[in-house]
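**Q** The following block contains the structure, expressed as C-alpha cells.
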Amino acid sequence: MEDKIYSIGEMSKLFNLSVQTLRYYDKINLFVPEYRDSNGYRKYRFEQIYKLAAICHMKKIGYPLKRIAEIMNSRNVDTSQSEMKNRLHYVAQEIKYLQNTEEVLNRKIAFIDREVPNSNSQLGDSIQDYQTRYYIPIGTEETLYKDKSFYLNPTIVFYNDKGDRKFGAYLGTAKELKSKDESLNSIRSGKYLCVWHKGGYDTIWQHVLEIRRKYRNLKLENWSVHFNIVDQFIEKNPDHYLTKLQIPIKK
Numbered sequence: 001m002e003d004k005i006y007s008i009g010e011m012s013k014l015f016n017l018s019v020q021t022l023r024y025y026d027k028i029n030l031f032v033p034e035y036r037d038s039n040g041y042r043k044y045r046f047e048q049i050y051k052l053a054a055i056c057h058m059k060k061i062g063y064p065l066k067r068i069a070e071i072m073n074s075r076n077v078d079t080s081q082s083e084m085k086n087r088l089h090y091v092a093q094e095i096k097y098l099q100n101t102e103e104v105l106n107r108k109i110a111f112i113d114r115e116v117p118n119s120n121s122q123l124g125d126s127i128q129d130y131q132t133r134y135y136i137p138i139g140t141e142e143t144l145y146k147d148k149s150f151y152l153n154p155t156i157v158f159y160n161d162k163g164d165r166k167f168g169a170y171l172g173t174a175k176e177l178k179s180k181d182e183s184l185n186s187i188r189s190g191k192y193l194c195v196w197h198k199g200g201y202d203t204i205w206q207h208v209l210e211i212r213r214k215y216r217n218l219k220l221e222n223w224s225v226h227f228n229i230v231d232q233f234i235e236k237n238p239d240h241y242l243t244k245l246q247i248p249i250k251k
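Shown next as C-alpha cells:
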C-alpha cells in the first residue's frame, strides 16, 4: 500500500481537486510530485496524501496559499495549535464584520421600503409630524467621502438660509437606535413641510427657494434637512434620484 504511486489524475479524483489546481500547487512549490516519469508526467507517492490533506484542511478554514506554505514549513503540534487560535480570533472578527454588514443591509432595505413612494400620488407636498430623530454628524462635502458612516447609513443634508450644506448619516428615532451615544446629534421633533425633489442634487437649493416662496404663509424655520432616499448607491441615473426635503415649521 505504501508503495502505491498516483498519477496527477488519480490524485485529482481522490481529493476532488482539478488537475489545474495540482499543477498550480506544483508551480508555487506548495505540493510537489515525488518525481516525473520519462514522459514528464507527475507522480505522487502514497505518503504525500497526508500533506495534501493538510493543505486542503487549511484551505477549507480560509488560509491563503502563501500562508499555508509558510505553515507547512514549520508545522508541529505547538505551532499548529497556535495557528488555530490565531485563526479562531480572525474568524470571530470576520463574523462580527459580517453581522455588522447584515445590520447595515437590513437597515438600508427597511429605509427604502419605508420611504420610497409607491406611486406618484404619494409625491405630493405634505405637513408631517416627526419625533426626535438622530444622526451622526459628518460635516462638509470635503470630509464626506472619507467617513465610513457615509457608506453605511442613509445620507441627510442640512441647508442653512444661505444654501450652505452640512452632511450627516441618518440613524432613526430613539426606538430604532440600538444605543444612544452622546456623540450623536438630533433633529428636533415637530411639524415639517415635506416636499419631494426628483432629480440631481445641483437643483435642490433652487427648489428650496421655490418652496419657501410657495409656502410663505407658513412660519418656516431658516434651515431644512434633506433625506437622500434614492441616491447614487442604488440608482445610476441622477434624473431618477429622490430626495425628501423637510423644512421645520416654527412652534
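Oh and the sequence shown: position 80 is 80 in UniProt numbering, straight run, nothing missing. By construction, the Cβ of each residue, glycine as well, lies at the ideal position given by its N, Cα and C atoms. Owing to the predicted nature of the structure, the values given are computational and were not obtained by experimental measurement.
1) Comparing alpha-carbon positions, which option in Phe158, Asp161, Lys162, Tyr135 lies nearest Ser149?
2) Go to Ala92, then tell me how far its beta strand (DSSP E) extends in each direction, as first and last residue.
3) Can you grab the Cα-Cα spacing for the pair His89 / Pro64, in whole Å?
4) From the DSSP output, which residues share a beta bridge with Arg36?
5) When the Cα atoms are used, what is the spatial distance from Lys244 to Asn100?
6) Where Trp196 and Leu171 are concerned, what is the direct C-alpha to C-alpha distance, given to the nearest angstrom?
7) In the DSSP assignment, find the beta strand (DSSP E) that holds Arg165 and state where it starts and stops.
8) To the nearest angstrom, how far is the alpha carbon of Thr203 from that of Lys85?
9) Beta strand (DSSP E) containing Gln20: first to last residue?
10) In chain order, what residues of the same chain have a beta carbon less than 7 Å from the beta carbon of Val104, not counting five sequence neighbours either side?
11) I believe Ile68 touches Leu30 by the beta-carbon criterion, under 8 Å. Please report the beta-carbon distance rounded to the nearest angstrom.
12) Determine the direct distance from the alpha carbon of Arg42 to that of Val19, and round the result to whole angstroms.
13) Return yes when the Cβ of Tyr192 is within less than 8 Å of the Cβ of Ile156, no when it is not.
14) Can you tell me whether DSSP reads Tyr6 as helix, strand or coil?
15) Could you check which residue in Ile109, Leu218, Ile5 has the C-alpha nearest to that of Glu34?
16) Taking DSSP as the reference, what is the three-state secondary structure of Arg213?
17) What do you reckon, are the CB atoms on Ser224 and Ile187 nearer than 8 Å?
18) The alpha helix (DSSP H) spanning Gln232 covers which residue range?
19) Once the 5 residues before and after Gly190 are set aside, which same chain residues still bring their CB inside 8 Å of it?
20) Among residues of its own chain, excluding the 5 on either side of Leu177, which ones have a beta-carbon nearer than 7 Å to its beta-carbon?
21) From Ala169, Leu218, Ile109, pick the residue whose C-alpha is nearest to that of Ile127; which is it?
22) Do Leu242 and Val116 have their C-beta atoms closer together than 8 Å?
23) Hey, Asn106 and Pro154: beta-carbon distance below 8 Å or not?
**A** The short version:
1) As a working note, residue 149 is residue 149 in the sequence shown. With respect to the C-alpha of Ser149, the residue from Phe158, Asp161, Lys162, Tyr135 having the closest C-alpha is Tyr135.
2) Translated into positions along the sequence shown, residue 92 becomes position 92. Per DSSP, Ala92 belongs to no beta strand (DSSP E); it is in the alpha helix (DSSP H), 77-115.
3) In the sequence shown, the residue the question calls residue 89 occupies position 89. In the sequence shown, the residue the question calls residue 64 occupies position 64. So the two alpha carbons sit approximately 16 Å from each other.
4) As a position in the sequence shown, residue 36 is number 36, starting the count at 1. DSSP lists Arg42 as partners of Arg36.
5) Reading the sequence shown from its first residue, position 244 is the one you call residue 244. Reading the sequence shown from its first residue, position 100 is the one you call residue 100. Those two C-alpha atoms are separated by around 27 Å.
6) Taking the sequence shown and counting its residues from 1, the one referred to as residue 196 is at position 196. Taking the sequence shown and counting its residues from 1, the one referred to as residue 171 is at position 171. Computed Cα separation, rounded: 20 Å.
7) Here residue 165 refers to the residue found at position 165 when the sequence shown is read from its first residue. Counting along the chain, the beta strand (DSSP E) containing Arg165 begins and ends at 165-173.
8) Position 203 of the sequence shown, counted from the first residue, corresponds to residue 203. Position 85 of the sequence shown, counted from the first residue, corresponds to residue 85. Their backbone Cα atoms lie some 55 Å apart in a straight line.
9) In the sequence shown, residue 20 corresponds to position 20, counting from 1. From DSSP, Gln20 is part of no beta strand (DSSP E) but of the alpha helix (DSSP H) over 19-27.
10) For the purposes of this step, residue 104 is taken as residue 104 along the sequence shown, with counting starting at 1. Excluding sequence positions up to five before and after Val104, its CB lies within less than 7 Å of the CB of Leu152, all in the same chain and listed in chain order.
11) Here residue 68 corresponds to residue number 68 of the sequence shown, with the count starting at 1. Here residue 30 corresponds to residue number 30 of the sequence shown, with the count starting at 1. About 7 Å; that satisfies the 8 Å criterion.
12) For the purposes of this step, residue 19 is taken as the residue at position 19 of the sequence shown. For the purposes of this step, residue 42 is taken as the residue at position 42 of the sequence shown. In a straight line, the C-alpha of Val19 is about 11 Å away from that of Arg42.
13) Position 156 of the sequence shown, counted from the start, is the residue given in the question as residue 156. Position 192 of the sequence shown, counted from the start, is the residue given in the question as residue 192. Ile156 is not a Cβ neighbour of Tyr192, given a cutoff of 8 Å.
14) To locate residue 6, count along the sequence shown from 1; it is residue 6. In this structure, Tyr6 counts as strand in the three-state DSSP scheme.
15) Your numbering for residue 34 matches position 34 in the sequence shown. The shortest C-alpha separation from Glu34 is found at Ile5.
16) Position 213 of the sequence shown, counting from 1, holds the residue named residue 213. The answer is helix: DSSP assigns Arg213 an H, G or I state.
17) Translated into positions along the sequence shown, residue 224 becomes position 224. Translated into positions along the sequence shown, residue 187 becomes position 187. Contact annotation: Ser224 and Ile187 have beta-carbon atoms that are not nearer than 8 Å.
18) Residue mapping note: residue 232 aligns to position 232 of the sequence shown, counting from 1. It is not in any alpha helix (DSSP H) - Gln232 carries neither H nor E in the DSSP assignment.
19) Against the sequence shown, residue 190 aligns to sequence position 190. Hits under 8 Å: Asp129, Tyr130, Pro248, Ile249, Lys251.
20) Taking the first residue of the sequence shown as 1, we reach residue 177 at position 177. Only Tyr134, Leu171 meet the Cβ criterion.
21) Taking the first residue of the sequence shown as 1, we reach residue 127 at position 127. Looking at the Cα atoms, Leu218 is the closest of the given residues.
22) Along the sequence shown, one-based indexing puts residue 242 at 242. Along the sequence shown, one-based indexing puts residue 116 at 116. Cβ atoms of Leu242 and Val116: closer than 8 Å.
23) Along the sequence shown, one-based indexing puts residue 106 at 106. Along the sequence shown, one-based indexing puts residue 154 at 154. No, Cβ-Cβ distance for Asn106 and Pro154 is not below 8 Å.
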